[in-house]
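So for the sequence shown, my numbering puts the first residue at 151; every next one is plus one.
Backbone N, C-alpha and C fix where the C-beta goes; we use that ideal spot for every residue, glycine too.
One structure is given below, encoded as structure tokens.
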Amino acid sequence: MKLSPRLSILALALLCAAGAATAAGKPYCGGLKNGYGPFDYRTTPKSKLGVVEDFHFTEDVQALRKGATGHIGGDLDYVLRAIPNHPQALLLMMRLSQKLRTIKPPGAHFPTECYFERAVRFQPEDGAAWALYAQYLFAEGQDKRAMEMLERAATLAPDDAAINYNLGLAYARAKKYDAALPLARKAYGAGFPLPGLKKMLSDAGKWTEEAQ
Numbered sequence: 151m152k153l154s155p156r157l158s159i160l161a162l163a164l165l166c167a168a169g170a171a172t173a174a175g176k177p178y179c180g181g182l183k184n185g186y187g188p189f190d191y192r193t194t195p196k197s198k199l200g201v202v203e204d205f206h207f208t209e210d211v212q213a214l215r216k217g218a219t220g221h222i223g224g225d226l227d228y229v230l231r232a233i234p235n236h237p238q239a240l241l242l243m244m245r246l247s248q249k250l251r252t253i254k255p256p257g258a259h260f261p262t263e264c265y266f267e268r269a270v271r272f273q274p275e276d277g278a279a280w281a282l283y284a285q286y287l288f289a290e291g292q293d294k295r296a297m298e299m300l301e302r303a304a305t306l307a308p309d310d311a312a313i314n315y316n317l318g319l320a321y322a323r324a325k326k327y328d329a330a331l332p333l334a335r336k337a338y339g340a341g342f343p344l345p346g347l348k349k350m351l352s353d354a355g356k357w358t359e360e361a362q
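Right, dumping it as structure tokens:
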């Protein structure tokens, strides 16, 4: 397809702008510097987290009923710019995006996926953040990328029962039962309650009570 002169100029301008941003070292999903924070959700005292959560992570925001200071997306954005790896806020941003059927809810500074990218860029050793990113990608039908991120999460947090369960479930759905079985053993050995993975392995003839 041949571009019109006007579209050719626009395409060239966009390419130049993208190149300039890359050259300047500015990621598409924005820098992490923030007026308050950024703080690591796992290690920051509750008192500091509360400064953000008390005003922007209210019960109404958590129920996706209404925003505390404007749009729900704006409050979640505020939380995630101050605490990029806040697990509940990440999950809620994904659910809000799905509810509104938009990749960028009103009030959000970035497309939804960016908040997950920012979380793992901020704390690349946080297994839970990688697992949440994988959950988002699975929901978007990007199974290959999701599997890679879930595998990374399991490497970072090998004793996390939920991560082992979810990776085992992903393997079982892909019929990689031999890879799923040891993860199921670890998850159920740690007391994980959901029976879905065990049932899938049992139906495939891979699970016996001795397997645990």
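- Taken through DSSP and simplified to helix, strand or coil, Pro-255 comes out as coil.
- A contact between stretches requires three or more CB pairs, one per stretch, nearer than 8 Å, and the region 193-213 meets this requirement with the region 226-240.
- Each residue's CA atom was taken as its position, placing Val-270 and Ala-354 some 35 Å apart.
- Excluding five sequence positions before and after Lys-254, the CB atoms of its chain that fall closer than 6 Å to its own CB belong to Pro-261, given in chain order.
- Taking Pro-237 as reference, the option from Tyr-265, Pro-256, Gly-224 with the minimal CA-CA separation is Tyr-265.
- Where Arg-271 is concerned, the enclosing alpha helix (DSSP H) starts and stops at 262-272.
- Cβ neighbours of Ala-307 within its own chain (closer than 6 Å, five residues either side excluded): Gly-277, Ile-313.
- In the three-state DSSP reduction, Gln-248 falls in the helix class (H, G or I).
- Nearest to Leu-287 by alpha-carbon distance, out of Trp-280, Glu-275, Ala-296, Gly-341, is Ala-296.
- Counting the other Cβ atoms within 10 Å of the Cβ of Pro-332 gives fewer than 16, which makes it exposed.
- Gly-339 and Asp-309 have their C-alpha atoms roughly 10 Å apart.
- Note that the region 241-258 does not touch the region 185-196; fewer than 3 beta-carbon pairs, one per stretch, sit closer than 8 Å.
- Assignment of Asn-314 by DSSP, reduced to helix, strand and coil, places it in the helix class.
- From the listed residues Gly-291, Glu-275, Glu-290, the smallest Cα separation to Tyr-191 is found for Glu-275.
- For Ile-233, there is no enclosing alpha helix (DSSP H), since its DSSP letter is neither H nor E.
- Counting along the chain, Pro-188 sits inside no alpha helix (DSSP H), nor does DSSP assign it H or E at all.
- Taking each of Gly-341, Asn-316, Gly-224 in turn and checking the Cα distance to Leu-347, the smallest one comes out for Asn-316.
- In this structure, DSSP gives His-221 a state outside helix and strand, which the three-state scheme calls coil.
- The Cβ atoms of Ala-334 and Gly-318 sit closer than 7 Å to each other.
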